[in-house]
Structure formats: structure tokens, C-alpha cells
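**Student:** Below you'll find the structure I mean.
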Amino acid sequence: SVERYIGPDATIALDFSLARLTGVVDKLLIYPERMQKNLDRMGGLIHSQRVLLALTQAGVSREDAYRLVQRNAMKVWESDGALSLLDLLKQDEEVSAALSDAELEARFDLDYHFAQVDHIFARVFG
């Protein structure tokens with residue numbers, strides 16, 4: 138019957154996968170400065186979702202919020218990161234009508250994304 142084969146085969150495959158993953162993680166090189174440079178090259182596009190949500194929470198319809206964010210994000214994308222999404226959003230009258238400069242700047246704070254890192258590591262490794 139199949140049960141005699143699936144258990145050993147599955148655990149052998151799992152062992153292989155975990156051994157390979159361990160090797161990858163052990164030899165992984167991380168360059169924080171390069172990571173930051175790559176993020177900076179994106180002109181703030183990684184924050185577009187938070188801006189979209191802030192606009193909807195400020196009473197802008199989802200469709201209009203999407204249109205506002207996309208319009209500005211595409212300018213940044215087409216400039217290959219030479220433009221800043223935050224600057225474009227601050228200059229956009231429709232966006233400024235819904236969100237203040239301080240509210241926009243808060244959505245571009247990278248610390249938001251790292252707030253739960255210690256908790257996640259504690260759950261995974263603790």
C-alpha cells in the first residue's frame with residue numbers, strides 16, 4: 138500500500154529541503170547599505186499601499202485613492218526613481234485635500250515595517 142512509501146519519502150524530502158535551506162541561510166551575505174540603496178532607488182514606491190489605505194481612511198473612495206496613488210506612482214516609476222513619491226503626493230492638490238504633509242510623511246516611515254520584528258523572531262526562534 139501507498140502508506141508504506143509516502144511517510145518515508147515525505148520525510149526524506151523534508152530532510153533534504155531543510156539541509157539545503159540551512160546551507161543557504163548559513164552562507165547568506167547581507168549588505169544593509171546596498172539594501173537601503175535599492176530601496177532609495179524606488180523613490181518611495183514601497184509605501185504606496187500605506188498611502189492608499191490612509192486616503193481611504195480619510196474618506197476618499199477606494200477607486201479615487203487608487204487613481205491618485207497610481208497617477209503619482211507611475212511618474213516615479215517612469216523616472217526610474219529620480220522623482221520622489223512623497224514629494225509628488227505632497228504637490229498633488231487632491232491628495233493634499235485629504236492628507237496633511239505630516240500624515241503623508243508618517244506613511245513613509247520605514248520603522249513601521251520593522252515594529253514587529255522582535256516579536257516575530259521570538260515566535261519563530263523563541
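Per the numbering used here, numbering of the sequence shown is gapless, rising by one per residue and ending at 263.
Glycine residues also receive a C-beta, built at the ideal position from the N, C-alpha and C atoms.
Owing to the predicted nature of the structure, the values given are computational and were not obtained by experimental measurement.
#1: Can you tell me whether G181 is buried or exposed, with buried defined as 16 or more other CB within 10 angstroms of its CB?
#2: By the DSSP assignment, the alpha helix (DSSP H) with G180 in it spans what residues?
#3: Do three or more CB pairs link the region 147-160 to the region 221-240 at distances below 8 Å?
#4: Would you tell me roughly how many angstroms separate the C-alpha atoms of D163 and S198, rounded to the nearest one?
#5: Assess contact between the region 191-208 and the region 230-242, defined as three or more Cβ pairs (one per stretch) separated by less than 8 Å. Is contact present?
#6: Exposed or buried, what is S185 when buried is set at 16 or more other beta-carbons lying within 10 Å of its beta-carbon?
#7: Which of helix, strand or coil does DSSP assign to F105?
#8: Can you name the start and end residues of the alpha helix (DSSP H) that Q253 belongs to?
#9: Under 7 Å Cβ to Cβ from R187, same chain only, skipping five residues before and after it: list those, please.
#10: Please go through the same chain and pick out, in chain order, the residues whose beta-carbon is closer than 7 Å to the beta-carbon of L176, but skip the five residues on each side of it.
**Tutor:** On the basis of the coordinates in this document:
#1: Sequence index remark: in the sequence shown, residue 181 carries index 44 (1-based). Classification for G181: buried.
#2: Residue mapping note: residue 180 aligns to position 43 of the sequence shown, counting from 1. Unbroken run through G180: none, as it is neither H nor E.
#3: no
#4: To locate residue 163, count along the sequence shown from 1; it is residue 26. To locate residue 198, count along the sequence shown from 1; it is residue 61. Going by the C-alpha atoms only, they are around 47 Å apart.
#5: yes
#6: For the purposes of this step, residue 185 is taken as residue 48 along the sequence shown, with counting starting at 1. With 16 or more Cβ atoms within 10 Å of its Cβ, S185 is classed as buried.
#7: No information on residue 105 is available, as it lies outside the stretch 138 to 263 that the chain covers here.
#8: For the purposes of this step, residue 253 is taken as the residue at position 116 of the sequence shown. No alpha helix (DSSP H) holds Q253; DSSP gives it neither H nor E.
#9: Sequence index remark: in the sequence shown, residue 187 carries index 50 (1-based). Result list for R187: R244, in chain order.
#10: As a working note, residue 176 is residue 39 in the sequence shown. I183.
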